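K.L.:
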Amino acid sequence: MFNAYQTIQLKQLKTGVATVTMNRPEVHNAFNAQMIEELTGVFKKLNDDASVQVIILQANGKSFSAGADINWMKSMAQATESENKVDSEKLAALMRTINFNAKATIAKIQGLALGGGVGLACCCDMVVAELTAKFGLTEAKLGLVPAVISPYVIDAIGTRQARRYFQTADIFDANQAKSLGIVSAVLAAEEMDLWVEKQLELLASTGPNAKEISKKLVMSVVGRTLPQQKKIDEYTTQVIAAVRVSAEGQKGLNAFLNKEKINW
1296 MFNAYQTIQL KQLKTGVATV TMNRPEVHNA FNAQMIEELT GVFKKLNDDA
1346 SVQVIILQAN GKSFSAGADI NWMKSMAQAT ESENKVDSEK LAALMRTINF
1396 NAKATIAKIQ GLALGGGVGL ACCCDMVVAE LTAKFGLTEA KLGLVPAVIS
1446 PYVIDAIGTR QARRYFQTAD IFDANQAKSL GIVSAVLAAE EMDLWVEKQL
1496 ELLASTGPNA KEISKKLVMS VVGRTLPQQK KIDEYTTQVI AAVRVSAEGQ
1546 KGLNAFLNKE KINW
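Next up, the structure:
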């Protein structure tokens, strides 16, 4: 495989294992429209590649992903509700593509994982985090809500904890993320690759079809298949579109963009 992307890198480390690396370190791998499009495209490509059995999602630089890019947020603040819905549907498609991917997925997290960064983690099958990593569902600080990522975050942490963290926007450490169910293991930076290698060995010992069917089995048992998720996404994208253009959403977004303190 070769890299033909602007915001991500794609490599095949070994037979059956592909790595997708977010590559916007200068902005802590914050999402913009291009990165969302490229991540969606590469996960679809790998889903359909019979030679790939495992996908590792990681990031260059100090952070995994700090959520939305500031320029992307400017466009949100200026867009209409219908434009915001179209924009949100692209993020929803990304999360859906990762969550329902036929291949086993492993995320490696360092530094910040905020907002959509937490969403990415919750869409993966396994997550290893560096001991010093920080997590947060911080949308409410801007008068927004983590609507699009909510199905996957609630899958990971449950309804009770989601009700808490969606409202408080509290920042928490890697051990708390593990306790909540977002993270599988918390390790020192130098130990993370060894943990991933162990998971790759375990995954290599199981049948490719068995892995894929197992993922589908879990989704079906909990009652949310891919078609059902698309219906949920219709609701969540409408929610965030409406919130972004609301008085409170506009106040929060503009205060953030102008680097002003928000007094709620």
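Numbering-wise (this note's numbering), the sequence shown opens with residue 1296 and increments by one.
Beta carbons are placed, not taken as given, at the ideal position from N, Cα and C, and that holds for glycine.
Since we're looking at a predicted model, the values are computed, not measured.
Could you pull out every unbroken beta strand (DSSP E) segment of at least 3 residues lying fully inside the segment 1297-1353, listed in chain order?
P.N.:
1303-1309, 1312-1317
K.L.:
When DSSP labels each residue in this structure, what does T1400 get in the three-state scheme?
P.N.:
The sequence position of residue 1400 within the sequence shown is 105, counting from 1. DSSP places T1400 in strand when its eight states are reduced to three.
K.L.:
Going by DSSP, name the residue or residues bridged to A1416.
P.N.:
Numbered from its first residue, the sequence shown carries residue 1416 at position 121. Paired residues: none, contrary to the question.
K.L.:
Can you give me the Cβ contacts of F1297 inside the same chain, cut-off strictly under 6 Å, excluding the 5 residues immediately before and after it?
P.N.:
The sequence position of residue 1297 within the sequence shown is 2, counting from 1. Note that F1297 scores a pLDDT of 48, beneath 50, so its modelled location is shaky; the value from the coordinates is reported in the next line. Nothing listed; no residue qualifies.
K.L.:
Starting from the Cα of E1332, find the closest Cα among L1341, Y1300, S1358, I1351 and give me that residue.
P.N.:
As a working note, residue 1332 is residue 37 in the sequence shown. Checking every option, the nearest Cα to that of E1332 belongs to Y1300.
K.L.:
How is L1475 classed by DSSP in three states: helix, strand or coil?
P.N.:
As a first step, residue 1475 must be located in the sequence shown, where it is residue number 180. It is helical.
K.L.:
How long is the line joining the alpha carbons of G1362 and E1384, rounded to whole angstroms?
P.N.:
Within the sequence shown, residue 1362 is the residue found at index 67, counting from 1. Within the sequence shown, residue 1384 is the residue found at index 89, counting from 1. Each residue's alpha carbon lies about 16 Å from the other.
K.L.:
Just curious, the alpha helix (DSSP H) that A1372 is in, first and last residue?
P.N.:
In the sequence shown, counting from the first residue as 1, residue 1372 sits at position 77. Where A1372 is concerned, the enclosing alpha helix (DSSP H) stretches over 1365-1373.
K.L.:
Got a sec? Which residues, its chain only, sit under 6 Å from A1388 by beta carbon, not counting five neighbours each side?
P.N.:
Against the sequence shown, residue 1388 aligns to sequence position 93. Answer for A1388: T1335, listed in chain order.
K.L.:
Starting from the C-beta of T1392, find all residues in its chain whose C-beta is less than 7 Å away, skip the five residues before and the five after it, and write them out in chain order.
P.N.:
Start at 1 with the first residue of the sequence shown, and residue 1392 comes out as number 97. Within the same chain, T1392 has close Cβ partners T1335, F1338, K1339.
K.L.:
Can we say the segment 1435-1452 touches the segment 1534-1547, given the rule of at least three CB pairs closer than 8 Å?
P.N.:
Inter-segment contact for the segment 1435-1452 and the segment 1534-1547 is present: three or more beta-carbon pairs are separated by less than 8 Å.
K.L.:
Closest by CA to D1364, which one among L1409, E1485, N1396, K1510?
P.N.:
Counting from 1 along the sequence shown, the entry for residue 1364 is found at position 69. Closest option to D1364, Cα to Cα, is L1409.
K.L.:
Do I1350 and V1422 have their beta-carbon atoms positioned less than 8 Å apart in this structure?
P.N.:
Within the sequence shown, the letter at position 127 stands for residue 1422. Within the sequence shown, the letter at position 55 stands for residue 1350. Taking 8 Å as the Cβ cut-off, V1422 and I1350 do not qualify as a contacting pair.
K.L.:
From the DSSP output, in three-state form, read off G1431 for me.
P.N.:
The sequence position of residue 1431 within the sequence shown is 136, counting from 1. Of the three classes helix, strand and coil, the one that applies to G1431 here is strand, per DSSP.
K.L.:
Using DSSP with H/G/I as helix, E/B as strand and the rest coil, what is V1381?
P.N.:
As a first step, residue 1381 must be located in the sequence shown, where it is residue number 86. Helix.
K.L.:
Among M1371, A1345, Q1329, E1321, which has the Cα closest to the Cα of S1358?
P.N.:
Translated into positions along the sequence shown, residue 1358 becomes position 63. Comparing Cα positions, the closest option is E1321.
K.L.:
Buried or exposed: which applies to A1325, given that a residue is buried once 16 or more other Cβ atoms fall within 10 Å of its Cβ?
P.N.:
The count along the sequence shown starts at 1 and reaches residue 1325 at position 30. So A1325 counts as buried.
K.L.:
Determine whether the beta carbon atoms of V1347 and K1398 lie at a separation below 8 Å.
P.N.:
Here residue 1347 refers to the residue found at position 52 when the sequence shown is read from its first residue. Here residue 1398 refers to the residue found at position 103 when the sequence shown is read from its first residue. Taking 8 Å as the Cβ cut-off, V1347 and K1398 qualify as a contacting pair.
K.L.:
Leaving out the 5 sequence neighbours to the left and right, which residues in its chain are closer than 8 Å to Q1471 when beta-carbon positions are compared?
P.N.:
Working through the sequence shown from its first residue, we reach residue 1471 at position 176. These residues qualify, in order along the chain: F1430.
K.L.:
Nearest-angstrom Cα distance between D1488 and L1498?
P.N.:
Here residue 1488 refers to the residue found at position 193 when the sequence shown is read from its first residue. Here residue 1498 refers to the residue found at position 203 when the sequence shown is read from its first residue. Rounded to whole angstroms, D1488 to L1498 spans 15 Å at the Cα level.
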